[in-house]
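Engineer:
Residue numbers (mature numbering (1 follows the signal peptide of the UniProt record, and there is no 0)): -22 to -1, 1 to 149.
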């Protein structure tokens, strides 16, 4: 009987942790995307977010006129694209990457004068807190991204109900 109760507590804890620790998907720049056109303040956009390990950034842009380079802090400050850490460029205009560590990630556009015009962003990845954080303030990329954590939440609850049924507590 003690084993059954322990198993139920384990499944409930797993379900609750899955809900609070879901990774988030962010479209850099919100609905404006990654562009040098208009009045985009990427640092202001990032300041309203809490980024954590496992979150994904999506740079939506016109691939003919924009790209994404990850650079060092020094290269970020000087808009130097000569030796990027990583280059993100595809012919669909959706470059994505998952934040895989704590600390700063620096991104700029390598197209002439774009970085100097403000097409650059400093993303600070901080540790996840134990309390749930509010959803991101940026506009959703699509209906699929708005429900990106739904499958894991559904799986967690399904496993919890299954545990109750198997152990004879419900159903």
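From the three backbone atoms N, C-alpha and C, an ideal C-beta is built for every residue, glycine too.
Please read all numbers here as calculations on a predicted model, not as lab measurements.
1) May I ask which residues mark the beginning and end of the beta strand (DSSP E) holding residue 54?
2) What is the rounded straight-line gap between the Cα of residue 20 and the Cα of residue 61?
3) List in chain order: all unbroken beta strand (DSSP E) runs of 3+ residues lying wholly within the stretch 11 to 51.
4) Between the C-alpha atoms of residue 76 and residue 70, what's the straight-line distance to the nearest angstrom?
5) Tell me whether the stretch 42 to 61 and the stretch 21 to 28 touch, counting them as touching only if at least three CB pairs, one residue from each stretch, are closer than 8 Å.
6) Starting from residue 73, trace the beta strand (DSSP E) in both directions and tell me its first and last residue.
7) Have a look at 95, 14, 37 and 10 and flag the residue whose alpha-carbon is nearest the alpha-carbon of residue 65.
8) So residue 49 and residue 84 are supposed to be a Cβ contact under 8 Å. How far apart are they, rounded?
9) Could you work out which residue in 102, 101, 106 and 97 is closest to residue 11 when comparing CA atoms only?
10) Going along the chain, which residues of its own chain have a beta-carbon closer than 6 Å to the beta-carbon of residue 127, five neighbours each way excluded?
11) Could you pull out every residue in the same chain whose Cβ sits closer than 7 Å to the Cβ of residue 94, ignoring the five residues on either side in sequence?
12) Does the Cβ-Cβ distance between residue 92 and residue 51 come in under 8 Å?
13) Quick one, are the C-beta atoms of residue 54 and residue 86 less than 8 Å apart?
14) With DSSP as the reference, please indicate the residues paired to residue 64 in a beta bridge.
15) Quick one, are the C-beta atoms of residue 40 and residue 4 less than 8 Å apart?
16) Going by other Cβ atoms of all chains shown within 10 Å of its Cβ, with 16 needed for buried, is residue 18 buried or exposed?
Structural biologist: Checking against the coordinates, here is how it stands:
1) One-based indexing of the chain shown puts residue 54 at position 76. From DSSP, residue 54 is part of no beta strand (DSSP E) but of the alpha helix (DSSP H) over 51 to 56.
2) Along the chain shown, one-based indexing puts residue 20 at 42. Along the chain shown, one-based indexing puts residue 61 at 83. Distance between the alpha carbons of residue 20 and residue 61: 22 Å.
3) 34 to 38 and 46 to 49
4) In the chain shown, the residue the question calls residue 76 occupies position 98. In the chain shown, the residue the question calls residue 70 occupies position 92. Rounded to the nearest angstrom, the two C-alpha atoms are 18 Å apart.
5) no
6) On the chain shown, position 95 is the one that residue 73 refers to. Looking at the DSSP string, the run of the beta strand (DSSP E) that includes residue 73 is 72 to 76.
7) Counting from one through the chain shown, the residue named residue 65 turns up at place 87. Residue 65 has its Cα closest to that of 37, out of 95, 14, 37 and 10.
8) For this step, residue 49 is matched to residue 71 along the chain shown. For this step, residue 84 is matched to residue 106 along the chain shown. Yes, residue 49 and residue 84 are in contact; Cβ-Cβ is about 5 Å, under 8 Å.
9) On the chain shown, position 33 is the one that residue 11 refers to. Of the candidates 102, 101, 106 and 97, the one whose C-alpha sits nearest the C-alpha of residue 11 is 97.
10) Residue 127 sits at position 149 when you count from the first residue of the chain shown. Reliability fails at residue 127, whose pLDDT of 38 lies under 50, so the model's placement of it is uncertain and the value that follows must be treated cautiously. Excluding residues within five positions, the ones whose Cβ falls inside 6 Å are -1.
11) Here residue 94 refers to the residue found at position 116 of the chain shown. Around residue 94: 57.
12) Taking the first residue of the chain shown as position 1, residue 92 is located at position 114. Taking the first residue of the chain shown as position 1, residue 51 is located at position 73. No, these two residues do not count as a Cβ contact at 8 Å.
13) Position 76 of the chain shown, counting from 1, holds the residue named residue 54. Position 108 of the chain shown, counting from 1, holds the residue named residue 86. Cβ distance < 8 Å, so residue 54 and residue 86 count as in contact.
14) Residue 64 sits at position 86 when you count from the first residue of the chain shown. Answer is 48, bridged to residue 64.
15) Counting from one through the chain shown, the residue named residue 40 turns up at place 62. Counting from one through the chain shown, the residue named residue 4 turns up at place 26. Result no, Cβ atoms of residue 40 and residue 4 do not sit closer than 8 Å.
16) Counted from its first residue, the chain shown places residue 18 at position 40. Burial call: buried.
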